[in-house]
Amino acid sequence: MRGQPLRLALAAGIFAASMVAFAQDKPAAEAPVAGLVDFVEGDAMLEGRTGSRIAKAGDSVRAGETVTTFAGAEVHLKMADGAYFSLRENSKITITRYVANGDDGDESLIDLARGAFRSVTGWIGKFRPKAYSVRTPMATIGIRGTDHEPTHLLPGDPRGEPGTYDKVNEGGTILQSPRGTVEVGPNRAAFFHADRREPPRVLASVPKFFQPARNEQRFTQRARESVRTVATQRQQRIEAVRKARGKPAAKPAALKAERRAEMRRKMEERKAEKARPRPEIQRKAEERRFEKKGAKKRP
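First residue of the sequence shown? That's 0 in numbering that gives the first Met the number 0, and the numbers climb one at a time after it.
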């Protein structure tokens, strides 16, 4: 019964947002799918331009949408580039931009308004790490292909001191702020608060509120399985995009590299062959020159 008022409030909010969406003259164009809800425990909500809905496993999450969890809730997202996110309780993220077509336009920008989530990056983090970032109201977090836990605590949050944190499990991150930047290595955590008038700093120890969620083992297993195949997932996405655009299938990158190397080798062989001295050819050429000279001297 304790969760009944919350569910009623969620339903009322979703109904009101839906009425606003229906009242619009034209429906908003759908943004690209950024990922899928892979797992939900407890109460969570998805909000976008077309309204709000209670989060359910299998739901699509589009660029521009916001995911909110309430007390005791946990949501796992499988992103379009093979990344995995685990949103902790009482947290709110907006998937501001997410493009995963396997090309130079790929981008992941997540705005963390409050709370915490864990991110195991996919092919964007692997092939285009500079195109991945997490923003909080105080700082921006960049990565170098990683597994990390961005956190932003508001005043009054029982989890710890207000401010922006980032804990690194694998790889590395960069916590950037108007007052400076700090690099964070594995098994370390960094902190920044604008009111302190000092740059971000790596903490002497990881704060105790960085604890595994109830379904952490499930999340870790699923994330690791996805990470092992991100290169294949990326190639499949490239082919799907090319097909949708009516372009011929691209050759795999490895095959292209092998063919380029083979072409370079053959060109070098031809150059070496031309530069190689050939005594027999030279002797015959000399004989022809002498014959021509002799023919000119004859009466």
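Every residue gets a Cβ at the ideal spot worked out from N, C-alpha and C, and that includes glycine. Remember, it's a predicted structure, so these values are computed and weren't measured experimentally.
Residue i by DSSP, collapsed to three states: which one?
i, result
"Arg-61", "strand"
"Asp-302", "Any property of residue 302 remains undetermined from this structure, which presents the chain solely from 0 to 298."
"Ser-51", "strand"
"Ala-30", "coil"
"Val-240", "helix"
"Gly-124", "helix"
"Ser-225", "helix"
"Thr-270", "The question names Thr, yet the displayed sequence has Lys at residue 270. Looking at Lys-270 - three-state DSSP - the assignment turns out to be helix."
"Asn-168", "strand"
"Lys-91", "strand"
"Ala-189", "strand"
"Asp-102", "coil"
"Asp-384", "Given a span of 0 to 298 for the chain in the structure shown, any question on residue 384 remains unanswerable."
"Thr-219", "helix"
"Thr-163", "strand"
"Arg-200", "strand"
"Arg-96", "strand"
"Ala-230", "helix"
Name, in chain order, the residues that DSSP records as bridge partners for residue i.
i, result
"Ala-115", "Thr-150"
"Ser-176", "Gly-179"
"Arg-44", "According to the sequence provided, residue 44 is Met. The question's Arg does not apply to it. Looking at the DSSP assignment, Met-44 forms a beta bridge with Ile-53, Thr-67."
"Ala-82", "DSSP lists no partner for Ala-82."
"His-75", "Phe-38, Ser-85"
"Thr-139", "Arg-134, Gln-175"
"Asp-110", "Thr-93, Arg-134"
Using only alpha-carbon positions, find the residue among the options that is nearest to residue i.
i, options, result
"Ala-193", "Glu-224, Pro-211, Val-183, His-151", "His-151"
"Ser-107", "Thr-93, Gly-114, Ala-115, Arg-200", "Thr-93"
"Pro-128", "Gly-114, Met-137, Ala-138, Arg-143", "Arg-143"
"Ala-112", "Glu-215, Phe-38, Pro-154", "Pro-154"
"Tyr-359", "Ala-212, Val-36, Gly-170", "Outside the shown range of the chain (0 to 298) lies residue 359, about which nothing can therefore be said."
"Met-78", "Met-44, Ile-109, Pro-149, Gly-104", "Ile-109"
"Arg-195", "Ala-72, Ala-189, Arg-178", "Arg-178"
"Val-229", "Thr-120, Arg-134, Arg-213", "Thr-120"
"Tyr-97", "Gly-63, Met-44, Phe-126", "Gly-63"
"Gly-71", "Thr-172, Pro-161, Ser-132, Asn-89", "Asn-89"
"Gly-162", "Asp-146, Thr-139, His-147, Gln-235", "Thr-139"
"Gly-159", "Asn-214, Asp-80, Arg-200, Phe-190", "Phe-190"
"Ile-123", "Gly-114, Thr-145, Ser-51", "Thr-145"
"Arg-134", "Lys-125, Ala-115, Phe-126", "Ala-115"
Where does residue i land, buried or exposed, given buried means 16+ other C-beta within 10 angstroms?
i, result
"Arg-233", "buried"
"Ala-239", "exposed"
"Asp-58", "buried"
"Arg-223", "exposed"
"Leu-202", "exposed"
"Ala-22", "Residue placement at Ala-22 is poorly supported in this model, since its pLDDT is 34, which falls under 50; the coordinates still yield a value, given next. The residue is exposed, with fewer than 16 neighbouring Cβ atoms inside 10 Å."
"Pro-136", "exposed"
"Val-29", "The sequence shown places Glu at residue 29, rather than the Val named in the question. Answer is exposed; the Cβ neighbour count stays below 16."
"Arg-287", "exposed"
Any heavy atom of the ligand COA closer than 8 Å to the beta-carbon of residue i?
i, result
"Asp-110", "Absence of the ligand COA from the depicted structure is noted, as is the absence of any ligand whatsoever, leaving it without description."
Handout entry: Contact between the region 199-207 and the region 66-82 (3+ Cβ pairs under 8 Å)
Key = no
Exercise for the section: Indicate whether the contact test is met: 3 or more Cβ pairs, each with one atom in the region 176-186 and one in the region 28-41, closer than 8 Å. Expected result: no
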